[in-house]
Amino acid sequence: MSCTLFLGLLGGIIGAAIAPSAGLATLPVSCGIVGTAITTIPAALLMQRLGRPRAFAVGGIIATMAGLLAAAAIAAGNFALFCCAGFGIGAHMAFAQHYRFAAAESVIPARVSQAISVVLLGTLLAALLAPGLATQSSDWIASSRYSASFLVVSLLALGAAILAQFAAPATQPADLSSEPTRPLRSIVSQPRFLVAVISAAVGYGVMSFIMTATPISMHVMDGHSLDDTAWVIQSHVLAMYLPSFFSGALIRRFGPRRMMLAGIAANIACIALGLTGRGIHDYWGALVMLGIGWNFLFVAGTTMLTTCYNRSERFRVQA
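The number in the working numbering is simply the position in the sequence shown, starting from 1, with 24 added.
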């Protein structure tokens, strides 16, 4: 998650500096989103073939190489290479998103929403440390601002790849072949499957769209300092994950559908606050509501999704 935060905070700012035109400034971050989308199915297949710990390590190695490529691209002022690095960091995120599924598979069905929330809480450390680390490391290499920030990305990703080797594989049934496996068309045609996917997609899509534009809007267009921009992004990410302390319990109490409606309401509040002004606190309020909306939509959608398949079908559906 830290790797993605580095790209989200700095990608547009760096893009504005080295892109051939201002209109392409956010392309590196967009490449990250595309990288996540394209790698989602291969990541799921590797999870099935290699097991989760080894597949998580593959994702970490991809991000390690992407961080090195980004640092070199920034030093050379090569925008195309920086976009490729963004794609690699996004590809890593396709692997990292499976942590929530691994957690869901490790508990009884009644505790799935709580397990997913606990995994999301693990990203609070990234939310607290990554923005500050990204800005503080930006000038470590005097001749190439921000190159060192992506060297830090490589170190963080390499550490994650190593730690993944100490993770125990999720408990598997003795024989999955006896479980019925339905055609994928039958699975995706379930109304609750469609609701779950739309919920998670809307939450992620709206969040990515607004968060990607915020650093450029704040720092480049409105002249707010990089530290203030980092504070707003940090607050946004905290708002994405702090609700996990209670969102699992709320889903068990009120059900996923009501929590999805609450997430939509938070997104509407984000848009309303964003239209009120361009001061620091206007940005802060909008991004906090955006984070809360993402949490409710994403956790509720993931919780509902886990009820749509059996264990023998899980990797195809998770893809």
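Where a beta carbon is used, it is the ideal one built from N, C-alpha and C, also for glycine.
DSSP state of residue i mapped onto helix, strand, coil
i	result
Q196	Per-residue confidence for Q196 stands at a pLDDT of 47, beneath the threshold of 50, marking its modelled position as unreliable; the derived number appears in the next sentence. Residue state, collapsed to three classes: coil.
L329	helix
P52	helix
P239	helix
A273	helix
S201	The pLDDT assigned to S201 is 49, lower than 50, so where the model puts this residue is not dependable, and the model offers no usable value.
N319	helix
D246	coil
S141	helix
I165	coil
S45	coil
First through last residue of the alpha helix (DSSP H) which encompasses residue i
i	result
R281	280-298
R76	76-100
T253	250-265
R302	It is not in any alpha helix (DSSP H) - R302 carries neither H nor E in the DSSP assignment.
Q160	148-160
A117	Per the sequence presented here, residue 117 reads as Met, with Ala not at that position. 103-120 is the extent of the alpha helix (DSSP H) around M117.
V131	Looking at the DSSP string, V131 is not in any alpha helix (DSSP H), and its letter there is neither H nor E.
A40	26-42
S171	171-188
V212	208-212
Closest residue to residue i among the options (Cα-Cα distance)
i	options	result
Y170	N334, F106, S54, H260	F106
F30	I113, G325, S336	I113
A290	M245, V226, R302	V226
A41	N319, F278, H243	H243
T326	V230, A254, S141	S141
T331	A96, A68, A128	A128
A324	R124, G59, G101, A96	R124
L180	L321, Q214, A90	A90
F174	V230, A99, I240, I304	A99
R216	V143, M284, V58, A68	M284
G83	V341, N319, H116, H305	H116
P207	T28, A43, R340, L48	R340
S168	G101, L153, V176, S137	G101
S26	A139, L182, A43, L321	L182
W164	A95, I295, G301, S268	A95
V230	S210, C294, F269, R209	C294
T28	A68, S232, A224	S232
I234	A296, F270, S223, S213	A296
S223	T300, F190, I304, R282	R282
Other residues of its chain near residue i: CB distance less than 8 Å, five sequence neighbours each side excluded
i	result
A237	G36, T50
A254	L33, P155, G156, A158, T159
R338	F125, E129
Q138	V131, G272, A273, R276
Residues near residue i by beta carbon distance below 7 Å, same chain, minus five either side
i	result
V53	L31, G32, G35, G36, G110, T236
P197	The predicted model places P197 with a pLDDT of 42, which falls under 50 and marks its position as unreliable; any figure quoted below should be read in that light. Cβ neighbours of P197 beyond the five flanking positions: R335.
Close Cβ partners of residue i (< 6 Å) along its chain, the five nearest in sequence each way excluded
i	result
G56	L31, G110, I113, G114
G315	H260, A263, M264
V256	Y307, W308, L311
G298	A310
M328	R216, A220, P280
G59	F111, G114, A115
R302	D246
V143	Y123, R124, A127
Integer Cβ distance of residue i from residue j, believed to fall under 8 Å
i	j	result
T205	S336	5 Å
A151	Q258	6 Å
A79	M71	5 Å
S178	L92	5 Å
A172	F103	Between F103 and A172 the Cβ distance is about 19 Å, and since that is not below 8 Å, they are no contact.
L266	L148	7 Å
I38	A185	No, I38 and A185 are not in contact; Cβ-Cβ is about 24 Å, not under 8 Å.
G24	G247	Here the chain covers residues 25 to 343 and nothing more, so residue 24 does not appear.
A249	N319	Sequence check: residue 249 is Ser here, not Ala. Incorrect: roughly 28 Å between the Cβ atoms, too far for contact.
I240	Y333	That pair is no contact at about 39 Å.
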